[in-house]
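Residues -21 to -1, 1 to 250 (mature numbering (1 follows the signal peptide of the UniProt record, and there is no 0)) make up the sequence shown, in order. By construction, the Cβ of each residue, glycine as well, lies at the ideal position given by its N, Cα and C atoms. Structure first, then comments.
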Amino acid sequence: MSYRLFPIIVALALTSSPGVAQTPDTVWLEGLTWTELRDRIQSGTTTAMIPIGGVEQSGPDIALGKHDARAKVLAERIARELGHTLVAPVVAYVPEGGIEPPTSHMRFPGTLTVPSSVFRATIESIGASLKLHGFKTVVLIGEHGSYQGDLAFVAADLNRKWAATSARAYFVPEYYRAATVGFKSVLRSHGFSDAEIGTHAGVADTSLTMSLAPDDVRQEGLKSGVDLDAAHGVYGEPRRSNAEVGKLGADDIVQKTVAAIRADLSRGARP
């Protein structure tokens, strides 16, 4: 055996040995051990993203967890595109309306809600935890319109508390804007009417979910067209929804969110 090959063989043997730990290729904080996380932070991964979803009705043909499912896929794509970024678990419990009496989506079984004050405190505590462990940048992105103002409030409050440190929090409204206003423009350019696009569980909502979480869409129900009305939580006409146009929306969300985060980081803070 050539002595020149010996170090290579030893190295290969060590890396393939069951006793040598292999850090998983994941951007998810929950998929790491605490020592793996410590090492990632020490190696320069100092940005953490908090994706927020929600559990709510979206008509008879979209699963209650669509926001969580979409947030998980999109957050991973955004984190990988950014680099040196890890993602906290998706926050599922968000303000969705009142309980007594039930308002908004709470009128439909399965929707879960928490008060705005509880939601704000939860997000703020998660952000503070991430800072404690060594993250310098905390990014907030949210799927649902009801709590966009809450996220802006939390980011501002964290930055006030962190003013004397190098840590910063960023709320990125471009994520939600791209999923709503931006995606509507894409759909219009592909021949969909505003009546089809809708505001909830229409073509926009359904196509995006078909692209990112296809198992969450009951396509046979869509084809039948039964109960696709406001009384059943549908505000739009989703029957022409498709994953292909949904992918255009998903790609746009990722691109615009990544661009916004990079712009924020380059100037150090939002104006």
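| query | DSSP state of G225, grouped into three classes? | reply | helix
| To which residues does DSSP link Y149 through a beta bridge? | V118
| task | Apply the 10 Å Cβ neighbour rule to T147 and answer buried if 16 or more other Cβ atoms are within range, or exposed otherwise. | result | In the sequence under discussion, the amino acid at residue 147 is Arg, which differs from the Thr named in the question. Buried, since its Cβ has 16 or more Cβ neighbours within 10 Å.
| Which value, in whole angstroms, describes the spacing of the CA atoms of R249 and D243? | Below a pLDDT of 50, predicted positions are generally treated as unreliable, and R249, at 46, falls in that range; the measurement from the model is reported next regardless. For R249 and D243, the distance between alpha carbons rounds to 6 Å.
| Where DSSP assigns a beta bridge to M28, which residues make up the other side? | V66 and V118
| query | When the Cα of A192 is compared with those of T25, A42 and G33, which residue comes out closest? | reply | A42
| Out of curiosity, what's the CA-to-CA distance linking D136 and G106? | 11 Å
| Can the beta-carbon of S95 be found closer than 9 Å to that of T188? | no
| query | Nearest to F98 by alpha carbon, out of Y126, L8 and I78? | reply | Y126
| message | Tell me the rounded alpha-carbon separation between V34 and V73. | response | 8 Å
| request: Could you tell me whether the Cβ atoms of G44 and D195 are closer together than 9 Å? | output: yes
| task | With DSSP as the reference, label W13 as helix, strand or coil. | result | helix
| query | Taking the Cβ atom as the reference point for each residue, do I240 and Y149 lie within a distance shorter than 9 Å? | reply | yes
| query | Closest by CA to E122, which one among S164, G200, I232 and I176? | reply | I232
| said: Quick check on this structure: which residue in R49, P30 and H63 has the alpha carbon closest to the alpha carbon of G23? | reply: H63
| message | Quick check on DSSP: helix, strand or coil for I41? | response | strand
| field | Straight-line Cα distance separating D230 from T90 | value | 28 Å
| query | Which residue's Cα is closest to the Cα of R56: G77, Q21, R17 and V6? | reply | V6
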